[in-house]
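Residue numbers (full-length UniProt numbering): 1 to 1193.
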Amino acid sequence: MRIRSLEIQGFKTFPDKTVLQLQNGITAVVGPNGSGKSNLSDAVRWVLGEQNVRTLRCTKMEDVIFNGTPQRKAQGYAEVTLNIDNTDRALAFDKDEVAVTRRYYRSGESEYLLNHVAMRLKDINELFMDTGLGRDGYSIIGQGKIDAIVSAKSEDRREIFEEAAGISRCRYRKEDSERQLSAAEDNLVRLNDILAELKGRVDPLKEQSEKAQKFVTYSNEKKDLQIAFWLRQMDQSDKALHTHDDKIMLARTQQEKAEKELNALDRAAEQNFQKITGCAAQIDEVRQQSSSKEEAAAQKDSEAAVLDSDVRHGRETVGRLETELAAASQGREHLQQEAAEKAAKITEQNQQETQLLQSEDDVNKKLESLRAKIRASSADAEDISQQLSQLASHATESKVAEMTAASAMSEIAVRVSHAASTISGKEELFNKLQDSRKDSSQTLADMQARIQDMRISEQQWTQQLQQHRRQTENQKQKADRLQIDARESIRRASLLESLEQNMEGFSRSVKVIMQASARGTISGICGPVSRLITVPPAYTVALETALGASMQHIVVQTEQNAKDAIRMLKHRDAGRATFLPLGNLRSRVLQELSLKDCEGFVGVASELCTSEPTYRGVRENLLGRIAVARDLDAAVEIARRFHYRFRVVTLDGQVVNTGGSLTGGSLARNSGLLSRRSEIARTREKAQAQTAEAEKAAAAYQNCMKKDAAAEAELSALRSGLAARQEDCIRMKANCTQLEKDISNVQKDICSLKAEQATVSQRLSDQKQKQAEARKQSSLFAEQMAALRQKAKELTDSCSSLEQQSESCTAQLQQLRLQLLSVRKDRENLQEALQQLEIRQQESTSQADTLQMEIREQKALIVSAQQKAATAREAAVHLHKEAAAGSSMIEQINQHRMQLEQQDTRLRQQQRNKSDEKETIGHELTRLEERRTNLQRQYDGLAAKLWDEYELTRREAQKSTPLLQEADMPQAQRRLNELKGLIRALGTVNVAAIEEYKEVSKRYEFLSVQIEDVEKSRDELRQLIRDLTHQMQEQFTLRFSQIRRNFTETFRELFGGGTASLELSNPDDILTSGIDITVQPPGKIVSHLESLSGGEKALVAIALYFAIMKVSPPPFCMLDEIDAALDDVNVSRFAAYLRRMSQNTQFIVITHRRGCMEEADTLYGVTMQDEGISQVLVLHPNEIVAFNHDHEE
């Protein structure tokens, strides 16, 4: 697995898309301070999921986005993509190439992509876990953080070692299993609580169930007797109904005859009325034709005016094009002048390049001379350093022997003093323990007497608590019933609101238009008619019937809005809809003055509802010609009185149509489009009232609960006190037993301490002799080392002066080369600009030809428009003449209409006479029907009782129940009364207890099985955690021993000697133990890591990282200036070691040091030519060879 490339856009100082192609081996990134080198390291860390803004050198996550400069605006997002070669399948992802992308927007939104597919941060972390690239990994070492592992606490070093040991994934699984275990244990506690509650309900429910079964048996017998009585009464009522039916039949025959004669008169009146209506329609048609011709004439006049305007615009366009033609000629001269200026600047850049090349040669010669002197001084310093290392090693061994002896002497003295004081304390403790044993025996007897008194009080409080709980259960059932009713009302209101919101009941075309309007796709949509008017509940049915399909008509602002909507429906094949443009609608309101005097008249439909003033025209257009009556009789009378000229609708939805036809019947019970909103409000009010009642019941239940809680608290306190007393008693017994054991143990301790005191004195004299010999050897080695250090200091001072001069020359040379690259880049840009100018000169010539062609086209259009305007004026004059001929025709039609209206008056008089005759017959028929209705009501009442109480029809009852004979009536009545008494004796019966008992028993058994499953799952999780812990311990122990061995070897190689080791601070707990680092550089005695210099700390940390990489090599590693604290010798060692490690790891090194640059396979330079914007330059392997060759020369 290797990094193929790193793509950055909008991240920190990289606003433009920047791509770094990374090869195997070592890639070095160089550049001056502040140029943005470390931002490359931050980008890799960020794309791998880093969340700590301080680690990214920010104050908030938004700071990673390019924030702009005075010359360039800020970016809206930051994006980094890491392309990884995964042909070896080192990552658990079945692709040869893996692209990890992270994108962050200024709005705070963030996203992660894996091969352009959105992923979670958790998925990214798991992908790189145990590869060294995880969030706790060691593949990225930031600027100034190299010695953090040395300075950190021993416990904080574990993360890197766990990542190297490959147990990060196991640790993640273990933590996840522990969370699941905790959740399973919590679930188990809750399930046990529920099971205990159910166990207390099963027995009472069983008793209630048996009582309810008796109630059901008695009720079934009572049902059979009651049905038999009702069936006998229904037979008597049925016979009386047949007698009245014969009388009613005769009256209806007479009424039908009168009805036929009246219908003939009605048909004649209707035919006459249709002729009158035809005359009116003919007049309207003639008027519309005249009006349309006038409108067409006006339209022709408008067309002529528009064509005249087109002529004026065409002449203005010709003038503008001629002006542009003149300006194009002047632009060609300006381009020639600009091209000459660019050529002069190119010549100037060539001269500057020659000067920079000469300066580079001078600095190279001076740098080579300084390096020769440095090599000679370094060789002498190396010899002296080796001699010092050998003497320091011997001195360290002597010093360690001296310190070991002193430490042992101090420890022995402490042990002698501690033994003496311990013996004295043990003897004093022995006396105290004997006194305590006597006191404890007396206290134990007092406690046992107190426990007996508390048990009696516990029984009394238990009885009171049971009584309180029975009262609480009754109150709870009441509160639950009220809450269920309230929730049902709320559910129905929510359902209706959902239907209203989703426009259920509306056609698909209306839904499509309203959805498009909500999205802003079309404009000018006001809404369907049903949503623009408000109707009182009393008139909802009448107005829904009056509107009919018009409720779904859509009101729009203009005709154009309607056309746009129709085009949308047609384009989407979404059906048809009717649109009502506000500007086109005219009010049509009934003006019948005597309408209000009619009996049963409620009002004009348009006046029974309200709307915003804007939609008044819609309301009056649709409802203004419709009257609302109380009932169908009143509606028929009103329609007849006004000759059926308008529709009349009753409050219950029956309709008398124009012309006299009637429409009616039963209505659907579901909510209509108008009534739905009012029903929502009513249901909400009902729910609020029910909720208030439920809250009162809940409050009463809470009061009962408080009383229960108070009683339970008293009982609990008493039981707690009893338990505490019992525990105290048990503890006191255990205390007495422990005192006996302690007295025996103290006697044994005193004897063993006296024997140890005699042994320690001999060891003290031996350690004093060893200390004197080690001190003598240390003094001799110190004198020899002082002389060598003085000589080494002189050589170091000389070498440091030469190094400073060399580094100054190197920096000067690097700056010259960057300037040279910049000059060459500017020259290329000028040459490209010169080519663009030549292209623009050619385009200028073709533009002039185009303008001349457009002038000719405009002149031709002007001539055509003038001809069309003349034709339109002639057509307008002809249409005005045709419109004037329609007025004479309207006069002739009006005379014929007056004759028809006189004939209509005669027919209406005949209708009234025949209607009076029919009414007399109707009164007699009504009296007979009322008598029959009473009989039918009696029959229906019995049938309703039969249905309401037992949900049976008469026929079903006759099949299931034998007919009761007259002789059996008294005995059946006595048995019926007896059954009623037995049912009353049962008292309050919970019939639901039968099913509830079955349900609770089933749930009790189900929960018992569930608890067994949860306990099994809990045991499996515990076993999994134990297995993971064992696996992690074995794997960590193995890898840690390998890292410790590698650390010792790597330390000696990098330091040229010395010793180093890693130890677990708590070997008994491998998975949480800290890791201690012990080092002894050659020639030094180090008691604590903080006494090391900055360079030594960095080198120790580098040695540790290399030791870890040997055990678990990361696929790639990014090092950000970790060599900053090293001297040149150690930089060379570090670079050479990098080369050895690069066989298994791809290194990206951000550095200022020459040693690292010379070892690099690819060299990237980061500059900041524009303020706040970083740019990257690349030096490939063949160019690096040439670069090094130039330096050697």
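Backbone N, C-alpha and C fix where the C-beta goes; we use that ideal spot for every residue, glycine too.
Can you tell me whether residue i is buried or exposed? The criterion is at least 16 other CB atoms within 10 Å of its CB, across all chains shown.
i	result
residue 216	exposed
residue 881	exposed
residue 1097	buried
residue 354	exposed
residue 479	buried
residue 1165	buried
residue 1123	buried
residue 1175	buried
residue 162	buried
residue 486	buried
residue 12	buried
residue 544	buried
residue 245	exposed
residue 878	exposed
residue 853	exposed
residue 1058	buried
residue 927	exposed
Would DSSP call residue i helix, strand or coil?
i	result
residue 613	helix
residue 1114	coil
residue 1040	helix
residue 11	strand
residue 32	coil
residue 579	strand
residue 217	helix
residue 82	strand
residue 204	helix
residue 690	helix
residue 490	helix
residue 1233	This structure does not reach residue 1233, given that the chain is present from 1 up to 1193, and the question cannot be answered.
residue 141	strand
residue 1147	strand
residue 111	strand
residue 1075	strand
residue 905	helix
residue 671	Any reading at residue 671 is ruled out, since the residue's pLDDT is 43, under 50, leaving its predicted position unreliable.
With DSSP as the reference, please indicate the residues paired to residue i in a beta bridge.
i	result
residue 650	629
residue 1059	1080
residue 254	Answer by DSSP bridge pairing: none, since residue 254 is not bridged.
residue 1165	30, 1177
residue 439	Per DSSP, none; premise fails for residue 439.
residue 2	85
residue 528	554
Rounded to the nearest angstrom, how far is the Cβ of residue i from that of residue j, given a contact under 8 Å?
i	j	result
residue 509	residue 580	Not quite, the Cβ-Cβ distance comes to about 14 Å (not below 8 Å), so this is no contact.
residue 1141	residue 139	Between residue 139 and residue 1141 the Cβ distance is about 12 Å, and since that is not below 8 Å, they are no contact.
residue 537	residue 554	So it is not a contact: roughly 25 Å between Cβ atoms.
residue 1108	residue 1134	Going by Cβ atoms, the distance from residue 1108 to residue 1134 rounds to 16 Å, so no, they are not a contact pair.
residue 925	residue 251	4 Å
residue 646	residue 626	7 Å
residue 983	residue 489	Not quite, the Cβ-Cβ distance comes to about 33 Å (not below 8 Å), so this is no contact.
residue 957	residue 231	6 Å
Original post:
Does the region 174-185 come close enough to the region 1023-1032 to have 3 or more Cβ pairs within less than 8 Å?
Top reply: yes
Subject >> Stretch-stretch touch, CB-based, cutoff 8 Å, three pairs: the region 616-624 with the region 583-601 >> reply: yes
Original post:
Three or more beta-carbon pairs under 8 Å between the region 1118-1134 and the region 1063-1076, yes or no?
Top reply: no
Original post:
Are the region 263-274 and the region 873-880 touching by the rule of at least three beta carbon pairs closer than 8 Å?
Top reply: no
Original post:
Would you say the region 455-468 touches the region 732-747, given that touching needs at least three Cβ pairs under 8 Å?
Top reply: no
Original post:
Does the region 47-65 come within contact of the region 86-97, defined as at least 3 CB pairs closer than 8 Å?
Top reply: no
Original post:
For the region 907-920 against the region 186-204, are there 3 or more C-beta pairs whose distance is under 8 Å?
Top reply: no
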